[in-house]
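Trainee:
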Amino acid sequence: MPVVRWFRRVAPPLGLTLMLGGCVTDGPRSMMHPAGEVARQQMDLFMWTFWLSIAVLILVVGVLTFAIIRFRRQYTGDKDAIPNQVHGSVPLEITWTIIPVIIVILVAVPTVRAIFATEVRVTAEEGDTIVNVTGYQWWWRFEYPELGIVTANELHMPVGSRLILDLDSADVLHSFWVPKLAGKRDMIPNQENQLWLSADEPGVYYGHCAELCLGAHAYMRFRVIVDTQEDYDAWVAAFQNAGQQAETPAQPVQDAQLIDQGRALFAQKGCIGCHTVEGFASFPTGNPDYPNLTNFGLRRTVGAAVLENNRENLARWIRNPQAVKPGNYMPTLWRADDPAAEEESSAIAAYLLSLGSEGQEPRTQADARGGSDGDR
Amino acid sequence: MAIGRQPAATGDSGVLSRPTWTTGWASWLTTVDHKRLGLLYLVSSFIFLGFGSIEAFLIRLQLARPEQQLISPDVFNQMFTMHGVTMVFLAIMPMGIGFANYFVPLMIGARDLAFPRLNAFGYWVYALAGLFLYTSFFLGGAPDVGWFAYAPLTSLSNNPGNGVDFYMIALLVSGVGTLVTAMNLIVTVINLRAPGMTFMRVPLFVWMMLVTSFLIIFAFPPLTIALFQVIMDRTFGTLFYVPEAGALPILWQHLFWIFGHPEVYIIILPAFGVISEVIPTFSRKPLFGYPIMVLSGIFIGFMGFAVWSHHMFTTGLGPVANTAFALTSFVIGIPTGIKVFNWIATMWGGHVRFAVPMLYATAFLITFTLGGITGIMLAVPPFDAQVQDSYFVVAHFHFVMGGGALLSFLAALYYWFPKMTGRMIPEGLGRIAFWLVVPGFYLIFWPQHFAGMVGMPRRVQTYEANIGLDAYNMMSTAGTFVFGAGMLLVLFSAIWAIRNGKIAGDDPWDGRTLEWATTSPPPHYDFDVVPEVNDRDPVWLQKHPELLERRDAISEAADPEHMPPEHVEQESIHIPGQSWYPFIAALGTFVGSYALLYHNLFLGLFASLIIFISCYAWAFEGVGGHHEHVTPTVGGRS
Amino acid sequence: MSHTVVAPTHEEYRSTKLPDIKLMMWIFLASDCMFFGSLIGTYLVYKDKSLVGPYPIDILNIPLTTVSTFVLLMSSFLMVLALHSLRSNDIPKFRLWTFGVCFFGAIFLGFQVFEFSHFVHEGLTLSQNLFGTTFFVLTGTHGVHVTIGVLMLLSLLIASYVRPVAAKDAVYLEVTGLYWHFVDIVWIVIFTVIYLVEFV
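Chains as they are written, first to last, in my numbering: chain A, 13 to 388; chain B, 1301 to 1938; chain C, 170 to 369.
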């Protein structure tokens, strides 16, 4: 039915514009412009209840407005007159019992259908991407159990694949929410929650923690990056080869000296005590409960999607984490008046940015396609 | 409190002599008069409303523009937590209880609540628990875990400061006050109705307070137990919410929301009651479909216990549970819809006078309908998965709590102020305030729906610029100034009117129910003669006896042939004696709260001793009081 | 205005003709159901969730608790006798049976103290595992209820020596009795849920 399809396409912007008088409805985290199957079903359901609501509102507000105008005491004349003392009416009562019943049924049927379409626990099939997500105060650990990849705050998936997320929390409650792709699911200790979603086309999708976790909750953001299959394969390969690449760059890199200084400082300043970097040979691997920085140069953001990942921002973050993301647990390594801070943090930033970027350009095609969302 | 009613007929057997002050501060501390306690409730709840508003204002200032750092995340968390706790437990709910305290006995023709001293105890426990909670700002920081304080955020390892202890203890103690007051109200409504006041003649406000009180007695225990468990965890090392020991944090959510959803109706049902009194009065018509209004209120209350998990749709309960709770939640929309239609039908064909209370009632109808609609949307689990814990939810519950309950309590304030003080709040100022309060309210909360849908989670201290949130937040913050100005105008015009308002007379609104049959303000014994009731709108019918014959067939409640039961001759009016012990016992709980907070055994024993002694003294003191003889003015009205 | 000392308000007109205090107790008990319901619910949710021992099956002593349960049930029987005696104005018997209820209640509490100290000795403390946590808090809360009941009955008993009592005061005993029977019934539920279920 092309008419229905047309209506479904035109209705949301139309309705929302009506309500808003032309205010913003889109943004990188806006559920009003879904980009995946699950989010679309959720939004369709909203639009359905929305149009029903408009009908109810027209009815209620219309009748009420009429009553307000028609039955004002000034309008009805004699101020002391006593109106007819009606106590009730059985037919009317039955009518407006039936009206809400019908509305409720109209809402309930598609609701139940959508619940079973989006919320049933699924088992992984061929072609699915499986990720174990663990929430920490205030970052995200993403583990690809089939690929042996562990990373943080940026989740990659190939377009067309179904992403199955096993959600867990290491401390307090968190909630995984990428509005354009799917509604949220809470992350609760001692409870196995699952969420699945898919994306229509490659792009960068913004996520946010949706359950209060104190401190830097407002900065507990992340990105879901939907790659083309080849970009995704390259990304996976970069991780699987991370061990070999890191120590021996395949081709000459700019700022080689600065990077070497940064690598030394990364150990010397104690970063490695917490942060794992795959292939950082001469030091013990860090603690799994802290963000894994393998291939950090491929990341788009710093500090759980708080800043864009470039050397300036990264150095600022390393130098004074509390100024960028108040409340987080990253230690400040330099005293405020330490003259070395500027240079050393910049060196560490240069080193981190070199990770994973040796073999390829870190920015991929997804940028161009997801560009409308911006990567701020 | 079985021993609280020992057969102690005579007065001074207690530790302290029986107080008899009628003026001065001591008369307020020792009062057992439901009207004075009602006023105390109202004044306290408006003070807490002020505190809560200041916190809200700071929240909005911080969020006015993206990436601001006016207040730190820690302080921000304290602000929204205290805002939520204050508004729910210390402002809006006690406001309903305050009006109930004052008007339930008047509306059913009683002289007081069934247990006047217990009523005083309930008030003082609530007020002192609120004070206790607010001292947290000076004693190491207020709670910062949100008003529903999800485990395991509240565990000692995740939250070592004592803010959480303040939250748990304050709610536990104030819950005790709420519980005894609710029990008291139930007994009062069941047992103290005037002769002839059958249940089908009880005013809707009283009915809704009865349902509310039943909700309280069934809903508060699960909360109390949940709070108790966390206190045990933090104080004695139990493991109720320690995930490392295998505990399930989801249990807190279940216990909390088994309380929390009925709590929503505990707040909104009194509001329904107020609206059901205001609309008939200003339409000069009886309430349309009274029996249906009563039944739908009871049904809403009953269903309130069957929908708690719709606050937990995103916690992974599974599709079957989500379906079940979605359907029960939808069902609540039906009686609510019926109520809205009945209110409009009451106006229909009437002679509606838009005095200030009626303005607020009309605003309530529209605002509450909008809040109800977003409520149905939120009951759709797939959509809820998107907007749960976003600003859409924030907007929704402010529409029902603020636009529903608060607007209707403002209607109640304007409606009953003349009865409580004998003077009118100036009409002109009231209208100006109305046109600030309601548009201001919409300016604050309407954009928040869209902020949520554009992806703003709730309880974030700041947000990114240029992702579509800037304009909505700015509008919202701008709205607080308009709304705040309106509320201040309400407040100041009310305070001004206490001494300078126009004299109201006994029945300024051409009222229908029994509270208008006595003087304004009522004497401390409420009625010269306990009225006899043979209709739902006794005062209205007394004023218009010719309507007796023109009654509609559906008004089953009117039975002219059946006279009220044998009239109990009041030779003299019994006035229950004032007492120190409710206040002292409440003071004991106050001291005990600090003992628990600081794990101080000696202070704890001291507090227990105070409570123990005052309970016994209370019991053996007896009801006491004296009889007064009153020469009735004709019909109780001049 | 004349001031005189008066009888309590419950002698005045009441819509249902029930004493306020009795209505109050019924409503309190309705509320108390929810208190125990929440605690029992918590116990059931955490049943078999303990990560370390001692587990209930290792430690619960059915015969011992059966005896204490029987004692508590008997106290309810004595409660009925006490109320009957007071209603028929037999004050000595009323005192005897009321004392009996208090005594049996105290025996029950003694059993509980013994059980608790035995369990602690066996290594089950409040913070040992989820069983310890839920068990002690649930049975402890019940024990507090029994203690309050005993205190109320003792107060009534002492009051009967301080000032004259008669059949018209039976309502106070009746109300305390309602409470006592309720606490008794709750124990039967707890006994089933904690003890008997382990051994089916």
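The beta-carbon is built from N, C-alpha and C at its ideal position, and this holds for glycine as well.
Quick caveat, the model's predicted, so the values are computed rather than measured.
Using a Cβ cut-off of 8 Å (strictly closer), state whether B/P1495 contacts chain C.
Mentor: Numbered from 1 along the second sequence, position 195 holds the residue referred to as residue 1495 of chain B. With its beta carbon less than 8 Å from one in chain C, B/P1495 belongs to the interface.
Trainee: Spatial neighbours of B/F1559 within its chain, please: C-beta separation below 7 Å, excluding the five flanking residues on both sides.
Mentor: Here residue 1559 of chain B refers to the residue found at position 259 of the second sequence. Cβ-Cβ distances below 7 Å link B/F1559 to A1519, F1520, P1522, L1523 in the same chain, with the five nearest sequence neighbours on each side left out; the list follows chain order.
Trainee: For chain B, is any of its Cβ atoms less than 8 Å away from the one on A/V119?
Mentor: Against the first sequence, residue 119 of chain A aligns to sequence position 107. So yes, A/V119 belongs to the interface.
Trainee: Decide if A/S181 is buried, meaning its Cβ has at least 16 other Cβ atoms within 10 Å, or exposed.
Mentor: Counting from one through the first sequence, the residue named residue 181 of chain A turns up at place 169. A/S181 should be labelled buried.
Trainee: Would you say B/H1862 lies against chain A (beta-carbon separation less than 8 Å)?
Mentor: The residue you call residue 1862 of chain B lines up with position 562 of the second sequence. Residue confidence is low: B/H1862 scores 47 on pLDDT, short of 50, so the model does not pin down where it sits. Its coordinate-derived value is still stated next. Chain A, which has no Cβ nearer than 8 Å to the Cβ of B/H1862, makes this no.
Trainee: With 8 Å as the threshold, decide whether the Cβ of B/T1330 is near any Cβ in chain C.
Mentor: Residue numbering aside, residue 1330 of chain B sits at position 30 when the second sequence is read from its first letter. No, B/T1330 does not count as interfacial toward chain C.
Trainee: Less than 8 Å between the C-beta atoms of B/T1488 and B/V1594, yes or no?
Mentor: On the second sequence, position 188 is the one that residue 1488 of chain B refers to. On the second sequence, position 294 is the one that residue 1594 of chain B refers to. No; because the gap between Cβ atoms is not below 8 Å, this pair is not in contact.
Trainee: Starting from A/P170, follow the beta strand (DSSP E) in both directions and report where the run begins and ends.
Mentor: Taking the first residue of the first sequence as position 1, residue 170 of chain A is located at position 158. That run of the beta strand (DSSP E) goes 166-170.
Trainee: When the Cα atoms are used, what is the spatial distance from C/D338 to B/R1653?
Mentor: What you label residue 338 of chain C is simply residue 169 of the third sequence in a count that begins at 1. What you label residue 1653 of chain B is simply residue 353 of the second sequence in a count that begins at 1. Cα-Cα distance, rounded: 54 Å.
Trainee: Could you check what DSSP says for A/E131 in three-state terms: helix, strand or coil?
Mentor: Your numbering for residue 131 of chain A matches position 119 in the first sequence. In this structure, A/E131 counts as coil in the three-state DSSP scheme.
Trainee: So, under 8 Å CB-CB, B/G1924 and B/I1911 are touching, yes? Tell me the CB distance rounded to an integer number of Å.
Mentor: The residue given as residue 1924 of chain B occupies position 624 in the second sequence. The residue given as residue 1911 of chain B occupies position 611 in the second sequence. Contact doesn't hold; Cβ gap of about 21 Å is too wide.
Trainee: Measuring straight from C-alpha to C-alpha, what distance separates B/V1868 and B/T1819?
Mentor: The sequence position of residue 1868 of chain B within the second sequence is 568, counting from 1. The sequence position of residue 1819 of chain B within the second sequence is 519, counting from 1. Caution applies to B/V1868, whose pLDDT of 48 falls short of 50 and renders its modelled position unreliable; the value that the coordinates give is listed next. Cα-Cα distance, rounded: 22 Å.
Trainee: Which value, in whole angstroms, describes the spacing of the CA atoms of A/I66 and A/D56?
Mentor: Residue 66 of chain A sits at position 54 when you count from the first residue of the first sequence. Residue 56 of chain A sits at position 44 when you count from the first residue of the first sequence. Their Cα atoms are separated by approximately 15 Å.
Trainee: Going by the CB atoms, is the gap between A/S366 and A/G315 shorter than 8 Å?
Mentor: As a first step, residue 315 of chain A must be located in the first sequence, where it is residue number 303. As a first step, residue 366 of chain A must be located in the first sequence, where it is residue number 354. No, the Cβ-Cβ distance between A/G315 and A/S366 is not below 8 Å.
Trainee: Between C/T185 and the rest of its own chain, which residues show a CB-CB distance below 8 Å, the 5 nearest in sequence each way excluded?
Mentor: For the purposes of this step, residue 185 of chain C is identified with residue 16 of the third sequence, where counting begins at 1. For C/T185, where only same-chain residues beyond five positions count, the Cβ hits under 8 Å are L192.
Trainee: Answer with yes or no whether the minimum CB distance from B/I1525 to chain C is below 8 Å.
Mentor: Here residue 1525 of chain B is taken as the residue at index 225 of the second sequence, counted from 1. Closer than 8 Å to some Cβ of chain C, the Cβ of B/I1525 qualifies, so yes.
Trainee: If you draw a straight line from the C-alpha of B/W1328 to the C-alpha of B/S1879, how long is it?
Mentor: Here the question's residue 1328 of chain B lines up with position 28 in the second sequence. Here the question's residue 1879 of chain B lines up with position 579 in the second sequence. One alpha carbon belongs to B/W1328, the other to B/S1879, and they sit about 10 Å apart.
Trainee: In its own chain, which residues sit with a C-beta less than 7 Å from the C-beta of B/L1361, not counting the 5 before and 5 after it?
Mentor: Here residue 1361 of chain B refers to the residue found at position 61 when the second sequence is read from its first residue. Once the five neighbours on either side are set aside, the close Cβ partners of B/L1361 are L1370, T1777.
Trainee: Suppose you measure from the CA of B/P1657 to the CA of B/M1724; what does that come to, to the nearest Å?
Mentor: Working through the second sequence from its first residue, we reach residue 1657 of chain B at position 357. Working through the second sequence from its first residue, we reach residue 1724 of chain B at position 424. Taking the straight line joining both Cα atoms gives about 12 Å.
Trainee: What number of angstroms, rounded off, separates the C-alpha of A/W189 from the C-alpha of B/G1604?
Mentor: Within the first sequence, residue 189 of chain A is the residue found at index 177, counting from 1. Within the second sequence, residue 1604 of chain B is the residue found at index 304, counting from 1. The straight-line gap from Cα to Cα measures roughly 29 Å.
Trainee: So that I know if they touch, is there some Cβ in chain B lying closer than 8 Å to that of C/N298?
Mentor: Position 129 of the third sequence, counting from 1, holds the residue named residue 298 of chain C. Yes, C/N298 lies at the interface with chain B (some Cβ there is under 8 Å from its Cβ).
Trainee: Assuming A/N187 is part of the beta strand (DSSP E), what are its boundary residues?
Mentor: Taking the first sequence and counting its residues from 1, the one referred to as residue 187 of chain A is at position 175. What sits at residue 187 of chain A in the sequence shown is Ser, not Asn. Where A/S187 is concerned, the enclosing beta strand (DSSP E) stretches over 186-190.
Trainee: Any beta carbon from chain C within less than 8 Å of B/V1868's own beta carbon?
Mentor: Within the second sequence, residue 1868 of chain B is the residue found at index 568, counting from 1. Residue confidence is low: B/V1868 scores 48 on pLDDT, short of 50, so the model does not pin down where it sits. Its coordinate-derived value is still stated next. Cβ-Cβ to chain C under 8 Å: yes for B/V1868.
Trainee: Report the start-end ranges of each alpha helix (DSSP H) in the stretch 1366-1403 of chain B that is 4 residues or longer and not cut off at the edges.
Mentor: For the stretch 1366-1403 of chain B, whole alpha helix (DSSP H) runs of length 4 or above, ordered along the chain, are 1373-1385.
Trainee: Rounded to whole angstroms, what's the CA-CA distance from B/D1770 to B/A1364? Just pull it up for me.
Mentor: Counted from its first residue, the second sequence places residue 1770 of chain B at position 470. Counted from its first residue, the second sequence places residue 1364 of chain B at position 64. Rounded to the nearest angstrom, the two C-alpha atoms are 8 Å apart.
Trainee: When you compare the CB positions of B/V1506 and B/I1408, do they come within less than 8 Å of one another, or not?
Mentor: Position 206 of the second sequence holds residue 1506 of chain B. Position 108 of the second sequence holds residue 1408 of chain B. Against a cut-off of 8 Å, the Cβ pair of B/I1408 and B/V1506 comes out as a contact.
Trainee: Kindly say whether C/T178, judged by its beta-carbon, lies nearer than 8 Å to any beta-carbon of chain B.
Mentor: Taking the third sequence and counting its residues from 1, one reaches residue 178 of chain C at position 9. With a pLDDT of 42 at C/T178, under the threshold of 50, the modelled position of this residue cannot be trusted, and the question is left open.
Trainee: On the three-state DSSP scale, how would you describe A/L345?
Mentor: For the purposes of this step, residue 345 of chain A is taken as the residue at position 333 of the first sequence. In the structure shown, A/L345 sits in coil (DSSP, three-state: anything other than H, G, I, E or B).
Trainee: Name, in chain order, the residues that DSSP records as bridge partners for A/C221.
Mentor: One-based indexing of the first sequence puts residue 221 of chain A at position 209. BP columns for A/C221 point to A/F188.
Trainee: Near B/H1824, which residues of its chain fall below 6 Å by C-beta distance, leaving aside the five closest residues on each side in sequence?
Mentor: Reading the second sequence from its first residue, position 524 is the one you call residue 1824 of chain B. Excluding sequence neighbours, B/H1824 sits near D1333.
Trainee: Hey, A/G339 and A/G195: beta-carbon distance below 8 Å or not?
Mentor: In the first sequence, the residue the question calls residue 339 of chain A occupies position 327. In the first sequence, the residue the question calls residue 195 of chain A occupies position 183. Not a contact, by the Cβ cut-off of 8 Å.
Trainee: Look at the alpha carbon of B/V1464 and the alpha carbon of B/S1372, and state the distance between them as a whole number of angstroms.
Mentor: As a first step, residue 1464 of chain B must be located in the second sequence, where it is residue number 164. As a first step, residue 1372 of chain B must be located in the second sequence, where it is residue number 72. Going from the Cα of B/V1464 to the Cα of B/S1372 covers about 19 Å.
Trainee: Report the neighbours of B/S1615 on chain A: residues whose CB is nearer than 7 Å to its CB, in chain order.
Mentor: Counted from its first residue, the second sequence places residue 1615 of chain B at position 315. In the sequence as displayed, the identity of residue 1615 of chain B is Thr instead of Ser. Per Cβ cutoff of 7 Å: D198, I200.
Trainee: So for A/W151, helix, strand or coil by DSSP?
Mentor: Against the first sequence, residue 151 of chain A aligns to sequence position 139. Here A/W151 sits in strand by DSSP.
Trainee: Answer yes or no: does any C-beta atom of chain C fall closer than 8 Å to that of B/T1538?
Mentor: On the second sequence, residue 1538 of chain B is found 238 positions in, with the first residue counted as 1. Judged by the 8 Å Cβ criterion, B/T1538 is in contact with chain C.
Trainee: In whole angstroms, give me the CA-to-CA distance for A/P389 and B/G1422.
Mentor: Not covered by the structure: residue 389 of chain A. The range shown for chain A is 13 to 388.
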